[in-house]
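K.L.:
First the structure, then my questions, so here it is.
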Amino acid sequence: MDERVTARKMGRLIEATEHLQTQALDGVIAASNGLNNFLESNAVYVFSGVRPIGESAVVLDRDGRSTLIVTPAWDETRATAISSTDRTIGTDDLAATLKSVAGTHRLDLSRTISVGLSLLGAALVERITSALGALPKAADELARDLARLRTPDELAAAERATWIAERGYERLLEYARPGLREFELAAELHCFTKKLGAEDNFLLMSASQHNLAVRAAGERVLDVGDIILSEITPCYRGQFAQICRTTVIGEPRPVIREKFTILQDAMIEGLAAGRAGATVADVTRAINGVIAKAGYGDYCRPPYMRVRGHGLGITSDRPGDIVDTNARVLENGMVFVMHPNQYIPESGYLMCGEPVVVTDTGSRALSVRPAELDVIAV
Amino acid sequence: MQTVQPCVTIGSYIWAQDCLPYDEFTLRLEELRAAMDRNGWPAVLVYGDVREHAALAFLTSFIPRVRWGMALLPRTGDARLLCAMSTRDLPAMRTLTWIADVRSGMGPEWEKAFDPWLERFTDNQAQKLGTIGFDVMAPVLQAAVRRSLGERFVLQRADDVVAIPARRKRPRELTMIRASCKLLETAAKTFVESWRGSHAPETAALDAERVARSLAAQDVRTLVSLDGGRTLVPYQGRFEKCEGLLVGYLAVKVLGYWADMFVTVDDGSATAAARHAEAALDAIIVNMRPGTRIDALHAKAVGALAPYKLHPVLGGSIGHGIGLSLHEGAEFQASSDATLVEDGVYALQAGAADAKAGNVLISAIVRVAATAAEVLVRSRPRTR
Numbered sequence: 571m572d573e574r575v576t577a578r579k580m581g582r583l584i585e586a587t588e589h590l591q592t593q594a595l596d597g598v599i600a601a602s603n604g605l606n607n608f609l610e611s612n613a614v615y616v617f618s619g620v621r622p623i624g625e626s627a628v629v630l631d632r633d634g635r636s637t638l639i640v641t642p643a644w645d646e647t648r649a650t651a652i653s654s655t656d657r658t659i660g661t662d663d664l665a666a667t668l669k670s671v672a673g674t675h676r677l678d679l680s681r682t683i684s685v686g687l688s689l690l691g692a693a694l695v696e697r698i699t700s701a702l703g704a705l706p707k708a709a710d711e712l713a714r715d716l717a718r719l720r721t722p723d724e725l726a727a728a729e730r731a732t733w734i735a736e737r738g739y740e741r742l743l744e745y746a747r748p749g750l751r752e753f754e755l756a757a758e759l760h761c762f763t764k765k766l767g768a769e770d771n772f773l774l775m776s777a778s779q780h781n782l783a784v785r786a787a788g789e790r791v792l793d794v795g796d797i798i799l800s801e802i803t804p805c806y807r808g809q810f811a812q813i814c815r816t817t818v819i820g821e822p823r824p825v826i827r828e829k830f831t832i833l834q835d836a837m838i839e840g841l842a843a844g845r846a847g848a849t850v851a852d853v854t855r856a857i858n859g860v861i862a863k864a865g866y867g868d869y870c871r872p873p874y875m876r877v878r879g880h881g882l883g884i885t886s887d888r889p890g891d892i893v894d895t896n897a898r899v900l901e902n903g904m905v906f907v908m909h910p911n912q913y914i915p916e917s918g919y920l921m922c923g924e925p926v927v928v929t930d931t932g933s934r935a936l937s938v939r940p941a942e943l944d945v946i947a948v
Numbered sequence: 080m081q082t083v084q085p086c087v088t089i090g091s092y093i094w095a096q097d098c099l100p101y102d103e104f105t106l107r108l109e110e111l112r113a114a115m116d117r118n119g120w121p122a123v124l125v126y127g128d129v130r131e132h133a134a135l136a137f138l139t140s141f142i143p144r145v146r147w148g149m150a151l152l153p154r155t156g157d158a159r160l161l162c163a164m165s166t167r168d169l170p171a172m173r174t175l176t177w178i179a180d181v182r183s184g185m186g187p188e189w190e191k192a193f194d195p196w197l198e199r200f201t202d203n204q205a206q207k208l209g210t211i212g213f214d215v216m217a218p219v220l221q222a223a224v225r226r227s228l229g230e231r232f233v234l235q236r237a238d239d240v241v242a243i244p245a246r247r248k249r250p251r252e253l254t255m256i257r258a259s260c261k262l263l264e265t266a267a268k269t270f271v272e273s274w275r276g277s278h279a280p281e282t283a284a285l286d287a288e289r290v291a292r293s294l295a296a297q298d299v300r301t302l303v304s305l306d307g308g309r310t311l312v313p314y315q316g317r318f319e320k321c322e323g324l325l326v327g328y329l330a331v332k333v334l335g336y337w338a339d340m341f342v343t344v345d346d347g348s349a350t351a352a353a354r355h356a357e358a359a360l361d362a363i364i365v366n367m368r369p370g371t372r373i374d375a376l377h378a379k380a381v382g383a384l385a386p387y388k389l390h391p392v393l394g395g396s397i398g399h400g401i402g403l404s405l406h407e408g409a410e411f412q413a414s415s416d417a418t419l420v421e422d423g424v425y426a427l428q429a430g431a432a433d434a435k436a437g438n439v440l441i442s443a444i445v446r447v448a449a450t451a452a453e454v455l456v457r458s459r460p461r462t463r
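For the record, the sequence lines run as chains A and B. So in my numbering, spot 269 of the first sequence is number 839, and the numbers just go up one at a time. So in my numbering, spot 217 of the second sequence is number 296, and the numbers just go up one at a time.
Here it is as structure tokens:
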């Protein structure tokens, strides 16, 4: 494992250890259900650097000693090679092993906290409860709070993920053509980004002459006049990055071009508003303001849009959804996707979005080429 | 084999009404309705998530591509489906199921989505509702469901009362599984040919995935060995060429149904282990009949594999059911007293990891017929 990565991961363990000491706690049990949700923090990844296959847990005590438990048992070799924990155990019985490891770390459950247990399946939680005798108090925000600011290595990984997303979109422009089915295009994009190093990809890609929203690819055959919506979200070394793009097959109607500029203008306002110290609500209002000014204020709500962006897993999903009820203050180093994606009656749903990092002067897009209304010539 | 769950399943998802028309689901629901009658349940709640949704898919055709879905299936009247998608996604969700009434299970108001539907069952005393798949539901969601139901309903676990999906595959299911096996063979061929073309194991696996996805696979999972077959790892994007033999695992899903396969291409280092692994797989297949006990099959496999031991990645198992889930039912362990059923479909596996005899993993998917086993797909150790 790269030594810098080890240092960074150890950093998270050190921060968590300091938290335990400050709070006079014995330890923390951080669990993962094995689902690497792009909108969630994966506590096991945060503390170990291992993207788990199955249900797993990290046990950390106040002395800084740490153990990773992974399922299935046969994944132990891979996990040991990657993990920044002191010890790694492969098992097919997470509950029983957790009991044993909690004992080794001498955790008093009344002075132990947990992260992510509430995301495990109910039957497994019951077995863990039975094995431990009780469940530690939930502190589900701990991992996402500790990891809310990207480290230099994490930011580099997010930039690499963005680079992969942009190359993926270039591939879409090359590959999409009338007659191709949506799922064939999605297959190509998925495998192309994987070849570039993406370990996962939350890829939504769909087309219509008048879109209501973006969705996962289906059977539809692409046609001239289709507006292809793509949300390309590769994950590289635990960092998801997302770009949102709108592409037309054949020359678009003028109204499509006209309405797309509203989204671009909203993006510019959002980037300017997204400086350290501002709130998420400030960013949302800046974006919505542009769209309202263009006459679509009534459409700044579901089902015409969902959110104006969101945090990106799997280390931390801070600052959360970009909505006008989110009062969280932006901090230097936070990364999220900003997307003024919007349904407009004359054009249908259009997409424009970039992954951004928060700075003192505003949000900086990680992508090199901002979203344009692109055209596939026919 | 367990593999890394992707954050969203990319592929061709639709309720394929030509292959699985509505009448298929009315037939599938018969056994559940009988269980409702026996247990006094006016309705059953069936839960599935992006990872485990066999029961939900069996009864409704709905497969969550992210998060979860829950069907409310009444003894009489219309069904309802809740899915953890926003309202703008519902038109697309409605193309995945025969249930017309599809509602959003997201947002602060979603718990109320139960209320109008459940109103018809309310009585002076609490009604019983059956549940399927609640074992994999997160406690936080279970709590939300219970809050929504309040004192009006008592939940009773139905998973042990009625086997869903049915262990005996229906004719249309067998057709699906055969299609899945056929696509798997194509992908496996690509995997081997790519590797023989001097590509790294991960490159070969990605080539196989690309072929499967372009042929409408709904999901593709791969594992490869980077250490000569001793262990398997999920995709890491390293694309390192490896000396020696090729060992890997492929799984593909077609119209909801999985097929999977271990692949070994021997470079001459695993000839002895390969011979015994083949004998073990043969020993299982030749003894498969309706009613055969799993522990007996296990003993025959282990006997044929001797003096070598089962490959550690198999976790002591020689197989499992396969269909709408990669692992249907319990693993075929030495201590299992379960029995095979006619028209059951099983993924069988054999292999060894031995410092001298070599490392090998092979497998087969088999349907148990009345008097013999029908091999739907089988991998054999190949030579480079």
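C-beta: ideal position from N, C-alpha, C; glycine also.
What residues from chain A crowd round B:MET340, counting only those whose CB sits closer than 7 Å?
P.N.:
Per Cβ cutoff of 7 Å: no residues; B:MET340 is ~17 Å from chain A at best.
K.L.:
Say whether chain A places a C-beta atom closer than 8 Å to the C-beta of B:GLY265.
P.N.:
At residue 265 of chain B the sequence reads Thr, which differs from the Gly that was named. Not closer than 8 Å to any Cβ of chain A, the Cβ of B:THR265 fails to qualify, so no.
K.L.:
Taking the CB atoms as reference points, tell me whether A:ASP796 and A:ALA768 lie closer together than 8 Å.
P.N.:
No. Outside cutoff.
K.L.:
Please state if the CB of A:LEU595 and the CB of A:ARG632 are separated by a distance shorter than 8 Å.
P.N.:
Yes, these two residues count as a Cβ contact at 8 Å.
K.L.:
Name, going along the chain, the residues of the region 801-812 of chain A whose beta-carbon falls closer than 7 Å to a beta-carbon of chain B.
P.N.:
Of all residues in the region 801-812 of chain A, none has a Cβ within less than 7 Å of some Cβ in chain B.
K.L.:
Quick check on A:SER688 - is its C-beta less than 8 Å from some C-beta in chain B?
P.N.:
With 8 Å as the cut-off, A:SER688 counts as an interface residue toward chain B.
K.L.:
Between which two residues does the alpha helix (DSSP H) harbouring A:ASP723 extend?
P.N.:
Start and end: 722-745.
K.L.:
If I measure Cβ to Cβ from A:ASP930 and keep anything under 7 Å in the same chain, skipping five residues before and after, which residues do I get?
P.N.:
Once the five neighbours on either side are set aside, the close Cβ partners of A:ASP930 are ARG845, ALA846 and ASN902.
K.L.:
Of all the options B:THR254, B:LEU262 and B:ARG459, which has the alpha carbon lying nearest to the alpha carbon of B:HIS355?
P.N.:
Considering only alpha carbons, the answer is B:ARG459.
K.L.:
At the level of alpha carbons, what is the spacing between A:GLY619 and A:TRP644?
P.N.:
About 18 Å.
K.L.:
Residues in the region 593-613 of chain A with C-beta within 8 Å of chain B's C-beta atoms, listed in sequence order?
P.N.:
Flagged, chain order: ASN603, GLY604, LEU605, ASN606, ASN607 and PHE608.
K.L.:
Give the DSSP-derived three-state secondary structure of A:TYR866 in the structure shown.
P.N.:
Note: A:TYR866 maps to helix in three-state DSSP.
K.L.:
Taking 7 Å as the line, does the beta carbon of A:VAL640 fall inside it for any heavy atom of the ligand PLP?
P.N.:
Although the ligand PLP was asked about, the structure shown includes no ligands whatsoever.
K.L.:
Quick one: residues in its chain with C-beta nearer than 7 Å to the C-beta of A:LYS829, no 5 flanking neighbours on either side, listed in chain order?
P.N.:
Here the set comprises ILE914, GLU916, SER917 and LEU920.
K.L.:
Determine whether the Cβ of B:LEU197 lies closer than 8 Å to any Cβ atom of chain A.
P.N.:
It does not; no Cβ of chain A falls within 8 Å.
K.L.:
When you check each C-beta in the region 743-764 of chain A against every C-beta of chain B, which residues fall closer than 7 Å?
P.N.:
Answer in chain order: PHE753, GLU754, ALA756, ALA757, HIS760, CYS761 and LYS764.
K.L.:
Three or more C-beta pairs closer than 8 Å, one from the region 252-272 of chain B and one from the region 332-345 of chain B: is that the case here?
P.N.:
The region 252-272 of chain B vs the region 332-345 of chain B: in contact.
K.L.:
Could you tell me whether the Cβ atoms of A:SER886 and A:THR732 are closer together than 8 Å?
P.N.:
No; because the gap between Cβ atoms is not below 8 Å, this pair is not in contact.
K.L.:
With 16 as the cutoff for other CB atoms within 10 Å, does B:ASP345 come out buried or exposed?
P.N.:
Flag for B:ASP345 reads buried.
K.L.:
Would B:GLN480 be called buried (16 or more neighbouring beta carbons within 10 Å of its own) or exposed?
P.N.:
No statement about residue 480 of chain B is possible, as the shown extent of chain B runs from 80 to 463 and does not include it.
K.L.:
Going by C-alpha distance, which of A:GLN779, A:ILE892 and A:GLN809 is nearest A:VAL850?
P.N.:
Cα-wise, what sits closest to A:VAL850 is A:ILE892.
K.L.:
With distances taken between CB atoms, is the gap from B:ARG289 to A:ALA757 smaller than 8 Å?
P.N.:
Yes, Cβ-Cβ distance for B:ARG289 and A:ALA757 is below 8 Å.
K.L.:
Opposite B:ALA356 in the DSSP bridges: which residues?
P.N.:
Bridge partners of B:ALA356: none, in fact.
K.L.:
Can you pull the chain A neighbours of B:LEU311, defined as C-beta to C-beta under 9 Å?
P.N.:
The answer, in chain order, is TRP644, ASP645 and ARG648.
K.L.:
If you follow the alpha helix (DSSP H) that B:ASP116 is part of, which residue opens it and which one closes it?
P.N.:
Counting along the chain, the alpha helix (DSSP H) containing B:ASP116 begins and ends at 101-118.
K.L.:
What ranges does the beta strand (DSSP E) occupy inside the region 305-359 of chain B, keeping only unbroken runs of at least 3 residues that lie completely in it?
P.N.:
You should have 325-333 and 336-345.
K.L.:
Is there a Cβ from chain B that is less than 8 Å from the Cβ of A:ASP770?
P.N.:
Chain B, which has a Cβ nearer than 8 Å to the Cβ of A:ASP770, makes this yes.
K.L.:
Determine whether the beta carbon atoms of B:ASP214 and A:ALA665 lie at a separation below 8 Å.
P.N.:
Not closer than 8 Å, so no.
K.L.:
Helix, strand or coil for A:TYR874, going by three-state DSSP, please let me know.
P.N.:
It is coil, neither helix nor strand.
K.L.:
So, for B:THR462: in the same chain, excluding its five sequence neighbours on each side, which residues have a beta-carbon less than 6 Å away from its beta-carbon?
P.N.:
So the list reads ASP345, once near-sequence residues are dropped.
K.L.:
By the three-class DSSP mapping on this structure, what secondary structure does A:PHE810 have?
P.N.:
Strand.
K.L.:
Under 7 Å, CB to CB, which of the residues in the region 278-295 of chain B have a partner in chain A?
P.N.:
Answer in chain order: LEU285, GLU288, ARG289, ARG292, SER293 and ALA295.
K.L.:
Compare the C-alpha of B:ALA295 against each of B:CYS86, B:GLN81 and B:SER91 and name the closest.
P.N.:
When each option's Cα is compared against that of B:ALA295, the closest is B:SER91.
K.L.:
To the nearest angstrom, report how far apart A:VAL928 and A:MET904 are at their CA atoms.
P.N.:
About 5 Å.
K.L.:
Do the region 703-712 of chain A and the region 230-238 of chain B meet, that is, are 3 or more Cβ pairs less than 8 Å apart?
P.N.:
Contact fails: fewer than three Cβ-Cβ distances are below 8 Å.
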